[in-house]
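Residue numbers (our numbering): -18 to 127. In this text, a Cβ means the ideal position worked out from N, Cα and C, and glycines have one as well. Owing to the predicted nature of the structure, the values given are computational and were not obtained by experimental measurement. Notes follow once the structure below has been shown.
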Amino acid sequence: MKKRTSFGFAILLLIGAVGAASAQTMSFADAIDQLAAACRTDLQKFCRGVELGGGKLKACLDANQARVSPRCQQTRLQVYASISRRIAAQRSMGEVCSADFARLCGVSPVDGNLVTCLLSVSPASISPGCNQAFTDSGWRTERAQQ
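Okay, structure coming up:
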């Protein structure tokens, strides 16, 4: 019985890991909305008057992480992880997708219109690493919504 439970747990972890790997990152606007909703009271209590830009609000929440509500703490960590993944994907697109750009678009990462090119081809024709970076960058969904 114990082996079966362990096996089932391992499958759930694997499914969760695969799901997390293909999930989209959240937009900066969604991140702000989620933090505002989950941390409203904490922001008023600990960060009143702190400017939004330049990482000052993040620094305030980080400095008060032991005092903020559990809901705010959990949302804060989820938002930071998603935004970090988005920024990393945007920075790495040129390197991760260079072969795809050359093969599918006939251009290099220094040329323009790379996002437009990747949007014009089937996701199945894009390499798995580039596809994941493109999804994580947020550019696929943001351009599709415009």
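Buried or exposed (CB count within 10 angstroms, at least 16 for buried), residue 94 = The residue you call residue 94 lines up with position 113 of the sequence shown. Exposed, by the Cβ-count rule.
task = Pair every Cβ in the segment 12 to 25 with every Cβ in the segment 36 to 54, then say whether three or more of these pairs are closer than 8 Å.
result = yes
Ordered list of alpha helix (DSSP H) runs contained in the segment 20 to 58, each at least 4 residues = 37 to 44
key: Neighbour-count burial assignment, residue 43, 16 or more Cβ in a 10 Å radius   = Start at 1 with the first residue of the sequence shown, and residue 43 comes out as number 62. Classification for residue 43: exposed.
query = Roughly how many angstroms separate the alpha carbons of residue 33 and residue 46, rounded to a whole number?
reply = Within the sequence shown, the letter at position 52 stands for residue 33. Within the sequence shown, the letter at position 65 stands for residue 46. Cα to Cα, residue 33 sits roughly 17 Å from residue 46.
key: Whole-number beta carbon distance between residue 12 and residue 63, since they are thought to touch under 8 Å   = To locate residue 63, count along the sequence shown from 1; it is residue 82. To locate residue 12, count along the sequence shown from 1; it is residue 31. That pair is a contact at about 7 Å.
query = Quick one: what does DSSP say residue 107 is sitting in, helix, strand or coil?
reply = Stepping through the sequence shown from its first residue, residue 107 is reached at position 126. DSSP places residue 107 in coil when its eight states are reduced to three.
Segment limits, alpha helix (DSSP H) that includes residue 85 = Numbered from 1 along the sequence shown, position 104 holds the residue referred to as residue 85. Neither: residue 85 is in no alpha helix (DSSP H) and is coded neither H nor E.
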